[in-house]
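J.: A single structure is presented below for examination.
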Amino acid sequence: MYQYIVKRLLLMIPTLLGAALLVFVLMRLIPGDVCVLRMVGGAGYVDPKAIEQCRIDLGLNRTYVIQFLDFIWGFIRFDLGNSMWTGRPIVEEISLRFELSLQIALMATLTAILLAIPLGTISAVKQNTWIDYAVRGFSIAGIAMPSFWLGILIILGLLITTKGLFGSPWMPPIKYVPLWVDPLYNLSMTIFPALATGYRYSAVATRMTRSALLEVLREDYVRTARAKGLIQKLIIRRHALKNALLPVVTIIGIEFAFLMGGLVVTEQVFNLNGLGKLFVASVTNHDYAMTQALVMLVVAIFVFTNFVVDIIYAWLDPRIRYR
Amino acid sequence: MSAVADVRPEIEVVERPKTGLLLRMLQFSIRNPLGAAGALVIVIMFVMALLADFIAPYDPVANAFDRLHQPPSAENWFGTDQFGRDVFSRIVYGARTALLVGFVSSVVGATIGLVLGVASAYFGGRVDLIFQRVLDIFMAFPLIIMALAVIAIFGTGAQNVIIAITIPFIPRCARVVRSAALSIRELPYIDAARANGFSHSRIILRHMVPNVMAPFLIMITAFVGQAILLEASLSYLGLGVQEPTPAWGLMLQGGAEEYAESAPWIAIFPGIAISLAVFGFSLFGDAVRDELDPKLRSQ
């Protein structure tokens, strides 16, 4: 087991390095550069010397190899440097927004789990009945509906209902206040984006729960449990669900890493100042340092989630370790 | 040698019962009503895209400043947007953008993935190992972020959106195809082909690729819906297809939020169009998977 963990840990390195190289090259392929954008802004003439000086300050005059090595060296030391756009430390810029995005991501995950496991279970148990069809329809709708459109619909619904009830339309607040400072205010802000993101997320997990459970329900030990007269509820809860949840947990873990992508769009709809918005801004501003840091953050979360999932699998199924 | 050939038993040729296309379609819809519903949505989309000139009552890009924000009526079934353009006509023409981006990116992405995946499985060893690491990198890279970067490099517009969506599909298909091809590589007929001295490309393209068609087709049908969704998201972010091209995601970008309260139809109808299209492709994709992969059929 120990050997397996070390091997898996070492395998993370080429993935992280490769992703670093990929984002490095991609960013430098984008035409234009941050100095020109920052100084010229919309229009106007800027002294080429000033641009040159800016490049020197940001270290963009160095060769690509040196820039790349510098980026990797910084990453290893957890020193992400300063944003090329605002000049402030990247850690500061990210931590400003991290709380909000993380909270929405966690709430969306919670929504997904609370919806997916009961719905997936009932759909599998009542296979091919109208309940099953309704749940499947509901979950395919979740996959089909763009989360930004769901967000727009939620805002629309809020505007119409609050106007009808209180006479003046109400919109969720956009300035972040931590949960422990003002829970009600915080939740009124985060719950709607979390629902919009969580619905899609739950749809993927519901489908997985259903098909995993259906497979397990055909196993011999479930038949044995039935034969010895165990009631259905206990068979599901004690025997079937426990074994069916493994792939569900995997998909929830993997999708969590991808929530970042979903947040890019959701934050746009609800006008929230989170990581997703920072991402779009840093790509359009050619903020190499910031984009690199954000991509590495997302990739690291993804690789780490995969690592944890693999370890759990290996722990549960000894055959995997020896492969 | 000829004597050996002569004793071969006569092979009885059983003719496959001739069933008409219509009958087979009917059988399919009885077997799989949800899949048939999905197919119906796809057919409607194709009709809309092909006959847009005849179906749409108005020019989808013509502004009419005397008819801004008109609610749905007999003249404008789905109302008009902030430029007075007919929402229904724009949705009909938008089917073209959705289908174009959806099909081209998924077919191209899946095909490149197919060849790469089979080649990786065929060569095995170090090639396969390195290839898998490269796939890991691309899989770890979030889809929308890759798309953002590609758009930033090549600029906006339909072709670039297609490129942006195609790239992330390649590793996803390659991975699935590779695992299917791994088992095929061990079969005797591949050894036979090798013993015959066929070239690598001939063995890969003529002997292995046709046998991984089932996962390939499943991936394509699953991709089309995703591609439509992704195109809508990119266009919504202002990074996809540009105005005045009629595209569903783009229709939600401009006035949808601003006028959400006063003109909700601008936001509602394009969203329904996207959802229905993706819904249709998902249902159809599930049905195709059931048909092609009997192991999954009972689930």
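Here the protein sequences come in this chain order: A and B.
Mapping the first sequence onto our numbering, position 266 (from 1) lands on 906, and the numbers just tick up by one.
Mapping the second sequence onto our numbering, position 153 (from 1) lands on 135, and the numbers just tick up by one.
Even glycine gets a Cβ: it sits at the ideal position worked out from N, Cα and C.
Quantities reported herein were computed from a predicted structural model and do not represent experimental measurements.
1) From the DSSP output, in three-state form, read off Leu173 of chain B for me.
2) Could you tell me whether any Cβ in chain B is nearer than 7 Å to the Cβ of Trp789 of chain A?
3) Using a cut-off of 8 Å between C-beta atoms, extract the partners of Gln908 of chain A located in chain B.
4) With 7 Å as the limit, tell me which residues of the region 122 to 151 of chain B have their beta carbon closer than that to any beta carbon of chain A; keep them in chain order.
5) Do you know offhand how far Ile780 of chain A's Cα is from Ser264 of chain B's?
6) Checking contacts by CB at 7 Å: is Ala836 of chain A closer than that to chain B?
7) Select from A:Asp927, A:Met936 and A:Leu755 the residue whose C-alpha is nearest the C-alpha of Leu661 of chain A.
8) Where Phe708 of chain A and Ala659 of chain A are concerned, what is the direct C-alpha to C-alpha distance, given to the nearest angstrom?
9) For Ser(-16) of chain B, which three-state DSSP category applies?
10) Would Ile941 of chain A pass as a contact of Ala897 of chain A if the rule is Cβ separation under 7 Å?
11) DSSP three-state label for Asp48 of chain B, please.
12) What's the gap between the Cα of Val765 of chain A and the Cα of Tyr861 of chain A?
13) Spatial neighbours of Gly893 of chain A within its chain, please: C-beta separation below 6 Å, excluding the five flanking residues on both sides.
14) With a cut-off of 8 Å, do at least 3 Cβ pairs link the region 71 to 79 of chain B to the region 28 to 42 of chain B?
15) What's the gap between the Cα of Asp927 of chain A and the Cα of Leu258 of chain B?
16) In or out: Pro39 of chain B buried (at least 16 other Cβ within 10 Å) or exposed?
17) Please tell me whether Leu211 of chain B has its Cβ less than 7 Å away from any Cβ of chain A.
18) Grab me the residues of Ser828 of chain A's own chain with a C-beta within less than 7 Å of its C-beta, minus the 5 sequence neighbours each way, in chain order.
19) If you draw a straight line from the alpha carbon of Ile185 of chain B to that of Arg863 of chain A, how long is it in whole angstroms?
20) Span of the alpha helix (DSSP H) holding Ile875 of chain A?
21) Please confirm whether Glu273 of chain B has its beta-carbon closer than 7 Å to some beta-carbon of chain A.
22) Just how far apart, CA to CA, sit Ile831 of chain A and Ile112 of chain B?
23) Compare the Cα-Cα distances from Phe151 of chain B to each of B:Ser71, B:Gly179, B:Asp268 and B:Val83 and report the closest residue.
24) To the nearest angstrom, report how far apart Ile119 of chain B and Glu895 of chain A are at their CA atoms.
25) What residues from chain B crowd round Gly658 of chain A, counting only those whose CB sits closer than 8 Å?
26) Under 7 Å, Cβ to Cβ, is there at least one residue of chain A near Gly17 of chain B?
27) With H, G and I counted as helix, E and B as strand and the rest as coil, what does DSSP make of Gln281 of chain B?
28) Between the Cα of Ile753 of chain A and those of A:Tyr816, A:Asp697, A:Ala834 and A:Val676, spot the shortest distance and give me the residue it belongs to.
29) In this structure, how does DSSP classify Asp68 of chain B when only helix, strand and coil are distinguished?
30) Shorter than 7 Å from the beta carbon of Ile202 of chain B to some beta carbon of chain A?
31) Below 8 Å on C-beta distance, what does Ala933 of chain A contact in chain E?
32) Could you check whether the Cβ of Pro53 of chain B sits closer than 7 Å to any Cβ belonging to chain A?
33) Is there a Cβ of chain B sitting closer than 7 Å to that of Pro654 of chain A, yes or no?
34) Helix, strand or coil for Pro633 of chain A? Go by DSSP, reduced to three states.
35) Since Gln932 of chain A and Met641 of chain A are thought to touch, with beta carbons under 8 Å apart, how far apart are those beta carbons, to the nearest angstrom?
36) Within this structure, are the beta carbons of Gly220 of chain B and Glu213 of chain B separated by less than 7 Å?
T.: So, to answer that:
1) According to the sequence as given, residue 173 of chain B is Asp; it is not Leu. Reduced to three states, the DSSP call for Asp173 of chain B is helix.
2) Interface residue, yes.
3) Correct list: Tyr218 and Leu219.
4) Within the region 122 to 151 of chain B, the residues whose Cβ lies closer than 7 Å to any Cβ of chain A are, in chain order, Ala122, Phe123, Pro124, Leu125, Ile126, Ile127, Leu130, Ala131, Ala134 and Ile135.
5) Linking Ile780 of chain A to Ser264 of chain B through their CA atoms gives a straight-line distance of about 7 Å.
6) Taking Cβ atoms only, chain B never reaches closer than 7 Å to Ala836 of chain A, which makes this a no.
7) The option with the nearest alpha carbon to Leu661 of chain A is A:Met936.
8) It is roughly 12 Å from the alpha-carbon of Phe708 of chain A to the alpha-carbon of Ala659 of chain A.
9) Unreliable placement is indicated for Ser(-16) of chain B, whose pLDDT of 47 sits below 50; the coordinate value is still reported in the next sentence. Of the three classes helix, strand and coil, the one that applies to Ser(-16) of chain B here is helix, per DSSP.
10) In this structure, the beta-carbon distance from Ile941 of chain A to Ala897 of chain A falls below 7 Å.
11) Note: Asp48 of chain B maps to coil in three-state DSSP.
12) Whole-angstrom Cα-Cα distance: 16 Å.
13) Close CB contacts of Gly893 of chain A within its chain, under the 6 Å cut and outside five residues either way in sequence, are with Thr945 and Val949 (chain order).
14) Taking a cut-off of 8 Å for Cβ pairs, the region 71 to 79 of chain B and the region 28 to 42 of chain B touch, as three or more such pairs fall below it.
15) Counting only the Cα atoms, Leu258 of chain B lies some 38 Å from Asp927 of chain A.
16) Taking every protein chain shown into account, the CB of Pro39 of chain B has fewer than 16 other CB atoms within 10 angstroms, so this residue is exposed.
17) Contact with chain A is found for Leu211 of chain B, since one of that chain's Cβ atoms lies less than 7 Å from the residue's Cβ.
18) Its chain contains Pro812 and Pro813 as the residues whose beta carbon lies nearer than 7 Å to that of Ser828 of chain A, once the 5 sequence neighbours on both sides are disregarded; these appear in chain order.
19) Distance between Ile185 of chain B and Arg863 of chain A, taken at the CA atoms: about 46 Å.
20) Segment: none, Ile875 of chain A is in no alpha helix (DSSP H) and carries neither H nor E.
21) No, because no Cβ of chain A sits closer than 7 Å to the Cβ of Glu273 of chain B.
22) Ile831 of chain A and Ile112 of chain B: Cα-Cα distance of roughly 43 Å.
23) Ranked by Cα distance from Phe151 of chain B, the first of B:Ser71, B:Gly179, B:Asp268 and B:Val83 is B:Val83.
24) A straight-line Cα-Cα distance of about 16 Å links Ile119 of chain B and Glu895 of chain A.
25) Here the neighbours are Arg115, Val116, Asp118 and Ile119.
26) By this cut-off, Gly17 of chain B is not an interface position.
27) Its pLDDT being 40, under 50, Gln281 of chain B is placed unreliably in this model, and the coordinates cannot settle the point.
28) Residue A:Ala834 is the option with its Cα nearest to Ile753 of chain A.
29) Strand.
30) No - not a single Cβ of chain A is within 7 Å of the one on Ile202 of chain B.
31) Given the protein chain composition of this structure (A and B), no chain E is represented.
32) Chain A contact via Cβ: absent.
33) Yes, contact with chain B.
34) An answer regarding residue 633 of chain A cannot be provided, because it is not within the stretch 641 to 963 covered by chain A.
35) Taking a contact as a CB-CB distance under 8 Å, the pair Gln932 of chain A and Met641 of chain A does not count as one, their CB atoms being some 35 Å apart.
36) Not closer than 7 Å, so no.
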